[in-house]
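S.K.: Dropping the structure in here first, questions after.
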Amino acid sequence: MSAQQASAVHKDENGVNVYTEQDMNAMLSPAEREKLIETMARARNVVRAEHRRQRRMSPKDSYAPAKVPCPKKPEGNNYVNYVRNASDHRMNELEQGYMQRHRDNTRSLWVDWLKSVGLDGDGGLPGGAEQFVSENQPKVGISVSGGGYRAMLVALGVSQGFDSRNETSKNEGVGGFLQLADYYAGLSGGSWATGAQAINGWPTAQSLVDDIMELSSNLVNPNHDSLSFYEDLFKDVSAKKHADFPISISDYWGRALSYQLMNDTQYSDHGQRITYSDIVNQTGFRDATYPFPIVLSIGRQPDQIMINPNATYFEFTPYEFGTWQPTLEAFFPVGYLGTDVVDGNPKDGSSCIANYENFGYTVGTSSTLFNGAYNKLLESNSTGFLNDVLKTILEDVDKGYNDVAPVPNPFKGYRQSSNHFVDAKYIDLVDGGEANQNIPLEPLLQPARGLDLIVAVDASSDQVNWPNGTALIEVEKRSNLSDFSYMAFPRVPDARTFVNRGFNTRPTFFGCDPNDATNAKTSVGNSTAPVLIYLPNYPYSGFSNSSTFELAYNVHHQHDMLDNARNVATMGGQMDNWPLCLACASALRPMQRSGAKIPDKCQQCMDMYCWDGKYDTSPTRNYTPPVGPPPFVTSHGQKSVEPPTTGSNDSTDTDYGKIISSKDKSAAAPMGVSSAVFTSLFLASLLAMFMN
Numbered sequence: 001m002s003a004q005q006a007s008a009v010h011k012d013e014n015g016v017n018v019y020t021e022q023d024m025n026a027m028l029s030p031a032e033r034e035k036l037i038e039t040m041a042r043a044r045n046v047v048r049a050e051h052r053r054q055r056r057m058s059p060k061d062s063y064a065p066a067k068v069p070c071p072k073k074p075e076g077n078n079y080v081n082y083v084r085n086a087s088d089h090r091m092n093e094l095e096q097g098y099m100q101r102h103r104d105n106t107r108s109l110w111v112d113w114l115k116s117v118g119l120d121g122d123g124g125l126p127g128g129a130e131q132f133v134s135e136n137q138p139k140v141g142i143s144v145s146g147g148g149y150r151a152m153l154v155a156l157g158v159s160q161g162f163d164s165r166n167e168t169s170k171n172e173g174v175g176g177f178l179q180l181a182d183y184y185a186g187l188s189g190g191s192w193a194t195g196a197q198a199i200n201g202w203p204t205a206q207s208l209v210d211d212i213m214e215l216s217s218n219l220v221n222p223n224h225d226s227l228s229f230y231e232d233l234f235k236d237v238s239a240k241k242h243a244d245f246p247i248s249i250s251d252y253w254g255r256a257l258s259y260q261l262m263n264d265t266q267y268s269d270h271g272q273r274i275t276y277s278d279i280v281n282q283t284g285f286r287d288a289t290y291p292f293p294i295v296l297s298i299g300r301q302p303d304q305i306m307i308n309p310n311a312t313y314f315e316f317t318p319y320e321f322g323t324w325q326p327t328l329e330a331f332f333p334v335g336y337l338g339t340d341v342v343d344g345n346p347k348d349g350s351s352c353i354a355n356y357e358n359f360g361y362t363v364g365t366s367s368t369l370f371n372g373a374y375n376k377l378l379e380s381n382s383t384g385f386l387n388d389v390l391k392t393i394l395e396d397v398d399k400g401y402n403d404v405a406p407v408p409n410p411f412k413g414y415r416q417s418s419n420h421f422v423d424a425k426y427i428d429l430v431d432g433g434e435a436n437q438n439i440p441l442e443p444l445l446q447p448a449r450g451l452d453l454i455v456a457v458d459a460s461s462d463q464v465n466w467p468n469g470t471a472l473i474e475v476e477k478r479s480n481l482s483d484f485s486y487m488a489f490p491r492v493p494d495a496r497t498f499v500n501r502g503f504n505t506r507p508t509f510f511g512c513d514p515n516d517a518t519n520a521k522t523s524v525g526n527s528t529a530p531v532l533i534y535l536p537n538y539p540y541s542g543f544s545n546s547s548t549f550e551l552a553y554n555v556h557h558q559h560d561m562l563d564n565a566r567n568v569a570t571m572g573g574q575m576d577n578w579p580l581c582l583a584c585a586s587a588l589r590p591m592q593r594s595g596a597k598i599p600d601k602c603q604q605c606m607d608m609y610c611w612d613g614k615y616d617t618s619p620t621r622n623y624t625p626p627v628g629p630p631p632f633v634t635s636h637g638q639k640s641v642e643p644p645t646t647g648s649n650d651s652t653d654t655d656y657g658k659i660i661s662s663k664d665k666s667a668a669a670p671m672g673v674s675s676a677v678f679t680s681l682f683l684a685s686l687l688a689m690f691m692n
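Okay, here's the thing in structure tokens:
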């Protein structure tokens, strides 16, 4: 494979993924595969022996979900028992209360920032910054893409670039935007960043990586005592199985993620009993100091392999689980997810289930894909013991839960005329990026939330693990479907234009004209699309296109990734007008709504950063940008062109067989596929042994 090519998994005519031997060796070399499976087999035997010696553990003191008294039923006309009818396009009252507190807290911060960038006084915002914010406080969100650890580190680095606690970012004028943001949404690797920041109380990105995460230890082949690690995983998931809940690969993957994402001083047993809804207990959440966190997944319909363009997106918030999809438009209290519900009522009277939305399981729903990989792994292994162990995956696991994260369906019997899941016992969740919309924009586009601006952070693997705007293009395609006519989305160009005009190298504004949007005339309440700032991964200070399969980063590589992503957020501190223009973009929709005159300095920003509607659809060259600021930055905003092509990319020189090694490779592999491929391959064997 040349350095310019990205390897992607291909699908057959039935939508099943097809794998090559090279794909397999990128995950585990045959020798490493055998050694790891033998370790897991030993762990399995220890756990099975313990189960024979002792009584079943109490689910109340374990990873397993447990029965609890149901809460008081919500009151209001928009509730059907415990299910909230969201067809009125309104926020949950608890989320609304959080947002009010957060916006009260940030009002003075908005005034200070707008003053600091020169939008107060003559030539500034109409009436001055203080009056403007009191009447038209902007509402903004940050949305971070999928892409494994690469996407997680890029998201964290961007958070660092926007964090007021980072002195360099603050001096460069955009530090503080993180605290101003009202929402923070993630999917796949981006959900790991979203969840890790929220569950740990929003530490600085540097502190999160240095003091909580252990990224130098391979996620699935840890440096220290891997036998004990797998014993713990088997014990935890065993408790859920013995409590009569279905188990899936996501259970193991989620537990493994918890070892990396959660503070083991604050959370005993690596978050064994910690749920996503426990975010509400964090001081920063109680005080509404930071953005409201949302994790996005897709609900795969029964007997479906290929994900339809109009697939149902389900979001997890600290308060609710559900969807805005017009065919369902319903939410359920996330803390009681797992309860057997019919038409909004628990079947077991006053008893509900708690602890199903385990934190790791929730953010791990991004890793339950590619069931065809199981057969390939089996074929690639040796005969004898290993083959016998792996055969059980076909006998015991391939019953619907081998490539999904099942959650008991809280919407059974609800809205029977249009609900695709009306009879389903479980909703099978898969990676939120499986519909090719690799940036979770849909939660932030909802008219109910009324955002003025979204910063879309893209660390996708479109071209040699660099983004080319495909994630935005796919959202626009979906917006053109009739089901989504209620939701406006800014018009965006094709992928060739993204690359040829350098939009995938620097911040670009879309939707500056509110009328230049899909569904501009049909959206609910005539709501306008938010301004969209596209913020792509780019090698300002180092190659950051690591392979999605890379599951260990040494300390130097971790810091390089964070530093480069911080430069993505700040434009390396080399564009003096970037803080001003970010502020102008934030205030643009409120100014347009109020009919205020756009300050000249803001109009100059729009002229420089907004897409002018022009296309360049000529064929693109192989996209291999060199390290350094993009042409837009070096020309001080005068050149909107693709970067120089190096003809090669040092960051793609990877020894595939060492992806699973506990030693990091600071180089990146040319792999344009989801981390879920690797996870399914690896954890399929783990699950097979457990169920044997």
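Heads up, the sequence shown is in UniProt numbering, so the first residue is 1 and it goes up one at a time.
C-beta: ideal position from N, C-alpha, C; glycine also.
Quick one: give me the first and last residue of the beta strand (DSSP E) that residue 293 is part of.
M.R.: Taken as a continuous stretch (DSSP letters only), the beta strand (DSSP E) holding residue 293 covers 292-300.
S.K.: Considering only their Cβ atoms, is the gap separating residue 610 from residue 508 smaller than 9 Å?
M.R.: yes
S.K.: What number of angstroms, rounded off, separates the C-alpha of residue 450 from the C-alpha of residue 310?
M.R.: 22 Å
S.K.: Identify whether residue 657 lies in helix, strand or coil by the three-state DSSP scheme.
M.R.: Residue confidence for residue 657 is low, a pLDDT of 33 falling below 50, so the modelled location carries little weight and cannot support an answer.
S.K.: Going by CA-CA distance only, name the one from 294, 563, 238, 617 that's closest to residue 272.
M.R.: Residue 238 is the option with its Cα nearest to residue 272.
S.K.: Distance check for residue 503 and residue 497, CA to CA, integer angstroms please.
M.R.: 8 Å
S.K.: Using only alpha-carbon positions, find the residue among 341, 638, 628 that is nearest to residue 644.
M.R.: 628
S.K.: Buried or exposed: where does residue 572 fall if 16 or more other Cβ atoms within 10 Å of its Cβ makes it buried?
M.R.: Buried: at least 16 other Cβ atoms inside 10 Å.
S.K.: Per DSSP, which one or two residues make a beta bridge with residue 457?
M.R.: 144, 535
S.K.: Excluding sequence positions up to five away, which residues of its chain have a Cβ less than 7 Å from the Cβ of residue 270?
M.R.: 258, 259, 262, 264
S.K.: In whole angstroms, give me the CA-to-CA distance for residue 510 and residue 491.
M.R.: 7 Å
S.K.: Do residue 608 and residue 598 have their C-beta atoms closer together than 9 Å?
M.R.: no
S.K.: Excluding the 5 residues preceding and the 5 following residue 462 in the sequence, name in chain order all residues of the same chain whose CB lies nearer than 6 Å to its CB.
M.R.: Closer than 6 Å at the Cβ level, and outside the excluded window around residue 462, lie 468, 470.
S.K.: Cα-Cα, which of 102, 63, 343 is closest to residue 85?
M.R.: Per the C-alpha coordinates, the member of 102, 63, 343 positioned closest to residue 85 is 343.
S.K.: Relative to the alpha-carbon of residue 132, which residue among 552, 364, 121 has its alpha-carbon at the smallest distance?
M.R.: Residue 132 has its Cα closest to that of 121, out of 552, 364, 121.
S.K.: Can you tell me whether residue 84 is helix, strand or coil according to DSSP?
M.R.: strand
S.K.: Would DSSP call residue 421 helix, strand or coil?
M.R.: coil
S.K.: In angstroms, rounded to a whole number, what distance separates the CA positions of residue 231 and residue 63?
M.R.: 14 Å
S.K.: Secondary structure at residue 58, three-state DSSP: helix, strand or coil?
M.R.: With a pLDDT of 33 at residue 58, under the threshold of 50, the modelled position of that residue is not reliable, and no figure is offered here.
S.K.: Where do the N-terminal and C-terminal ends of the alpha helix (DSSP H) with residue 596 fall, by residue?
M.R.: That residue, residue 596, is in no alpha helix (DSSP H); it is neither H nor E in DSSP.
S.K.: Run through DSSP, which three-state label would residue 329 get?
M.R.: Here residue 329 carries a coil assignment [DSSP, helix/strand/coil].
S.K.: Suppose only complete runs of 4+ residues qualify. What are the alpha helix (DSSP H) ranges in the region 228-293, listed by chain order?
M.R.: Runs of the alpha helix (DSSP H) inside the region 228-293: 249-261, 283-286.
S.K.: Might you give, ordered along the chain, the residues of its own chain that have their beta carbon closer than 7 Å to the beta carbon of residue 523, omitting 5 neighbours on each side?
M.R.: For residue 523, same chain residues with a beta-carbon under 7 Å away, outside a window of 5 residues either side, are 447, 486, 487, 488 in chain order.
S.K.: Going by C-alpha to C-alpha distance, which of 92, 320, 430 sits closest to residue 410?
M.R.: 320
S.K.: Using DSSP with H/G/I as helix, E/B as strand and the rest coil, what is residue 347?
M.R.: Annotated three-state conformation of residue 347 is coil, per DSSP.
S.K.: With C-beta atoms as the reference, is residue 164 less than 9 Å away from residue 178?
M.R.: yes
S.K.: Could you tell me whether the region 185-195 touches the region 515-531, where touching means 3 or more Cβ pairs closer than 8 Å?
M.R.: no
S.K.: For the putative contact between residue 160 and residue 562, defined by C-beta atoms under 8 Å, what is the C-beta separation to the nearest angstrom?
M.R.: Contact flag correct, Cβ pair sits at about 6 Å.
S.K.: State the DSSP-derived secondary structure class of residue 693, mapped to helix, strand or coil.
M.R.: For residue 693 there is no data in the structure shown, the boundaries of the chain being 1 and 692.
S.K.: Any idea which residues DSSP pairs residue 463 with across the strands?
M.R.: 466
S.K.: What residues in its chain sit with their C-beta under 8 Å from that of residue 694, if we drop five residues either side in the sequence?
M.R.: Here the chain comprises residues numbered 1 to 692, so residue 694 is not present and cannot be evaluated.
S.K.: Counting only beta-carbon atoms, is residue 477 nearer than 9 Å to chain D?
M.R.: No chain D appears in this structure, which consists of one protein chain only.
S.K.: With a threshold of 16 other CB atoms inside 10 Å of the CB of residue 302, please say whether the residue is buried or exposed.
M.R.: Taking all protein chains shown into account, residue 302 has fewer than 16 neighbouring C-beta atoms within 10 Å of its C-beta and is therefore exposed.
S.K.: Take every Cβ of the region 288-296, pair it with every Cβ of the region 315-333, and state whether three or more of those distances are shorter than 8 Å.
M.R.: yes
S.K.: Which whole-angstrom value describes the C-beta separation of residue 182 and residue 141, a residue pair presumed to lie in contact below a C-beta threshold of 8 Å?
M.R.: 6 Å
S.K.: At which residue ranges does the region 93-176 contain complete alpha helix (DSSP H) runs of 4 or more residues, listed in the order of the chain?
M.R.: Counting only runs of 4 or more residues that sit fully inside the region 93-176, the alpha helix (DSSP H) segments are 93-116, 129-136, 148-161, 167-171, in chain order.
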